[in-house]
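Under our numbering, the letters of the sequence shown match residues 331 to 868, in that order.
Glycine included, every Cβ here is placed at the ideal spot set by N, Cα and C.
Here's the structure, in structure tokens; my notes come after.
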Amino acid sequence: MKENILILGAGLLQKPAVKAAKKFGYNTVVVDADPGAVCVPLADRFEHIDLKDKEGIFSFAQQLGKNGGLAAVFTAGTDFSASVSYAAEKLSLPCHPYESSLNASSKTRMRTCFMKAGVPSPSFFTVTKKEIENGAVRELAAKLGFPCVVKPVDNMGARGCRMIRDDTETEEAAFDAVANSRTGNAVIEQYMEGPEYSIDALIYNGTMTITGFADRHIYYPPYFIETGHTMPTSVGSTKRSELIAAFALGAASLGLTCGAAKADIKYTKDGPMIGEIAARLSGGYMSGWTYPYASGCRLTGQAILIACGKAPVYLEQHRVPLKFEPPASCSGRTAPFELYELTCSCTSAERAWISIPGVVRSLIGIDAAVSIPGIQDVFPRAHSGSHVTFPRNNVQKCGNVISKAALGADASAAAEKAVAGIVLRLETGCRETDMFLAGNAKDDFPPSAYSLSVDFNKISGTIPMNARISDTVPEELRTLLASGETDWNHRTFSMTCSLFDAVCPEHPELDAVTFWNAVIRGGIQGALYASDTAGECV
Numbered sequence: 331m332k333e334n335i336l337i338l339g340a341g342l343l344q345k346p347a348v349k350a351a352k353k354f355g356y357n358t359v360v361v362d363a364d365p366g367a368v369c370v371p372l373a374d375r376f377e378h379i380d381l382k383d384k385e386g387i388f389s390f391a392q393q394l395g396k397n398g399g400l401a402a403v404f405t406a407g408t409d410f411s412a413s414v415s416y417a418a419e420k421l422s423l424p425c426h427p428y429e430s431s432l433n434a435s436s437k438t439r440m441r442t443c444f445m446k447a448g449v450p451s452p453s454f455f456t457v458t459k460k461e462i463e464n465g466a467v468r469e470l471a472a473k474l475g476f477p478c479v480v481k482p483v484d485n486m487g488a489r490g491c492r493m494i495r496d497d498t499e500t501e502e503a504a505f506d507a508v509a510n511s512r513t514g515n516a517v518i519e520q521y522m523e524g525p526e527y528s529i530d531a532l533i534y535n536g537t538m539t540i541t542g543f544a545d546r547h548i549y550y551p552p553y554f555i556e557t558g559h560t561m562p563t564s565v566g567s568t569k570r571s572e573l574i575a576a577f578a579l580g581a582a583s584l585g586l587t588c589g590a591a592k593a594d595i596k597y598t599k600d601g602p603m604i605g606e607i608a609a610r611l612s613g614g615y616m617s618g619w620t621y622p623y624a625s626g627c628r629l630t631g632q633a634i635l636i637a638c639g640k641a642p643v644y645l646e647q648h649r650v651p652l653k654f655e656p657p658a659s660c661s662g663r664t665a666p667f668e669l670y671e672l673t674c675s676c677t678s679a680e681r682a683w684i685s686i687p688g689v690v691r692s693l694i695g696i697d698a699a700v701s702i703p704g705i706q707d708v709f710p711r712a713h714s715g716s717h718v719t720f721p722r723n724n725v726q727k728c729g730n731v732i733s734k735a736a737l738g739a740d741a742s743a744a745a746e747k748a749v750a751g752i753v754l755r756l757e758t759g760c761r762e763t764d765m766f767l768a769g770n771a772k773d774d775f776p777p778s779a780y781s782l783s784v785d786f787n788k789i790s791g792t793i794p795m796n797a798r799i800s801d802t803v804p805e806e807l808r809t810l811l812a813s814g815e816t817d818w819n820h821r822t823f824s825m826t827c828s829l830f831d832a833v834c835p836e837h838p839e840l841d842a843v844t845f846w847n848a849v850i851r852g853g854i855q856g857a858l859y860a861s862d863t864a865g866e867c868v
């Protein structure tokens, strides 16, 4: 009889774990609160358990151990590494200690561990809803100085996370953070200025092997929206070594000893500073897609072997030793682990596409995106009928593409070309879309597709029925035709005009002011929305 592997989560990000466990000959059992999750039909068994229910997960894991044996409890890309450790530790299975996983799940505990161990991380305060109501959060923000950041203590995907730029934003941002916290707590912390990176690692038997180091592409303040990442990093070797050393010290301070670890970390004017360390493989598409494409290593499978108490053979055969080189802020510290790395031989890039607010009528360009050389995967998240919005967190993005190429520039170009060709055409008559398009082009959030300040009083007349809009661009907008500025989905103004002509060669007569304002504010989506709305009025 096959042994079982219990996998927490049955979404797309758990698919590599299900596939790896099956490849190793295990019986795959997934638990999730959603019986319709994509991995449910792929697994050998599904059990409807909320991932927050650690006692329920332990009880079920105990039952699996009695009925055929339980080889491991595992997760990737979820918030629930502590639930994994709770069940695994009780059943004497390999895992990070439960208390250590709690340290990596609560930002308050995490930052306290960092502070005690002298690991570089931002200054912080923990706040509750009551303290916000009493006005205490304003005083704390003032002590940290502006800008600062508020985020839930126990959530991922940047939900409830935002920058506080001045005192007027403090309370609203803090209330949103605690609303997105399972425990009703938030941290308000020093803002870290600098480029951001994600680093994955596997820790076992006193070793730490770096299994992915990516540049993160974060935009749209006051929120922190990751529009993609590129693997491997382009950071210089000295800074890279310092970032890895800070990660190692941070992981050790949390007590992580057996399993995966993931760091979000910045390089600031004072050197590396850790945003967070999770006791699991990274979310997004890094551990399950971009790193395997870039390195040739199916990382999730190696992590599962460690969870089963087995040697990660591929890792041990191909990794190379790293020298521990701590940053100046950690001068004199010794390495907490033997450090290794499994390097990348090519580049993989992930890019997301996003939408203005509205309801999706149709999705255009998916087949063309798939056919672009270098594109490996296209993952739409929004479909016909989906309600979409300009993202305030990473869960609200509309889809992702992943590319692979020998050179970093080629991988990025392929991914961005694919995103640029994908269009979410929106239903007309939507109040949210109308409000967005009526917004001020100078609004910082949500931002306009193009930043050109236009005096629309100088634009008049109409665009003739079925005319190519590329040929009717008014003088006031012509500077954009030669501009390299792109919208949120990597489209220049010229590309947007050409795309409209390709998608909508037949259109009614269009009011020039309404149409061009929609283009500046909403890009191709605004253009199509204005045209479709005009067509309904004919």
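query                                                                                                : result
Cutoff 7 Å; reference L470; Cβ partners in own chain excluding five residues on either side          : F455, V457 and I518
Span of the beta strand (DSSP E), counted from its first residue to its last, around S389            : That residue, S389, is in no beta strand (DSSP E); its alpha helix (DSSP H) goes K384 to K396.
For I548, the three-state DSSP class (helix, strand or coil)                                         : strand
DSSP-derived helix/strand/coil call for G695                                                         : coil
Beta-bridge partners of L840, as assigned by DSSP                                                    : I793
A857 and L767 closer than 8 Å at C-beta                                                              : no
Proximity test, Cβ basis, 8 Å: K596 and chain B                                                      : No chain B appears in the structure shown, which is made up of a single protein chain.
Helix, strand or coil at R375 [DSSP, three-state]                                                    : strand
Endpoints, alpha helix (DSSP H) assigned at A591                                                     : Counting along the chain, A591 falls outside any alpha helix (DSSP H), though it belongs to the beta strand (DSSP E) covering G589 to T598.
Presumed contact (8 Å Cβ cut-off) between F388 and K349, rounded CB distance                         : In fact, because the Cβ distance is near 26 Å, the residues do not count as touching under 8 Å.
Selected residue, minimal CA-CA separation from I604, among P371, Y521 and A373                      : Y521
Burial state of V725 (16 or more Cβ within 10 Å)                                                     : exposed
Assumed close pair Y553, A488 - CB separation to whole angstroms, cut-off 8 Å                        : 7 Å
Among E806, H820, G448 and T792, nearest to T664 - alpha-carbon criterion                            : G448
Bridge partners - L754, DSSP secondary structure assignment                                          : L693
From I694, L336 and T826, residue whose alpha carbon lies closest to that of L811                    : T826
Backbone CA spacing between S413 and S583 [nearest angstrom]                                         : 20 Å
DSSP bridge partner residues for G601 (one or two, in chain order)                                   : T598
DSSP state of L782 mapped onto helix, strand, coil                                                   : coil
Continuous beta strand (DSSP E) stretch holding A735: start and end                                  : G729 to A735
Cβ neighbours of I705 in the same chain (closer than 8 Å, five flanking residues each side left out) : A699, V731, I732, S733, A744, A745 and A748
Exposure of T321, with buried meaning 16 or more beta-carbon neighbours within 10 Å                  : Examination of residue 321 is not possible in this model, given that the chain is present from 331 through 868 alone.
First and last residue of the uninterrupted alpha helix (DSSP H) at T648                             : The amino acid occupying residue 648 in the given sequence is His; Thr does not appear at that position. Run containing H648: V643 to H648, per the alpha helix (DSSP H) assignment.
Residue from A401, Q344, L756 and R468 whose Cα sits closest to the Cα of V689                       : L756
Residue range of the unbroken beta strand (DSSP E) whose run includes V360                           : N357 to D362
Contact belief for T763 with Y670 at Cβ below 8 Å, rounded distance in angstroms                     : Their Cβ separation, rounded to whole angstroms, is 51 Å, which puts T763 and Y670 out of contact at 8 Å.
Rounded distance between the beta-carbons of L652 and I574, thought under 8 Å                        : 7 Å
Three-state class that DSSP yields for W818 in the structure shown                                   : coil
Secondary structure, beta strand (DSSP E): runs of 3+ residues fully inside the region 439-468       : 454-458
DSSP-derived helix/strand/coil call for G566                                                         : coil
Selection from V483, D497, G524 and L532 that minimises the alpha carbon distance to V508            : V483
P452 versus K481: straight-line alpha-carbon distance, rounded                                       : 13 Å
Beta-carbon gap between C676 and A624 smaller than 8 Å                                               : yes
Alpha-carbon spacing of A712 relative to S813, whole angstroms                                       : 30 Å
Buried/exposed call for P424, threshold 16 Cβ in 10 Å                                                : buried
Pairwise C-alpha distance: H837 and A503                                                             : 43 Å
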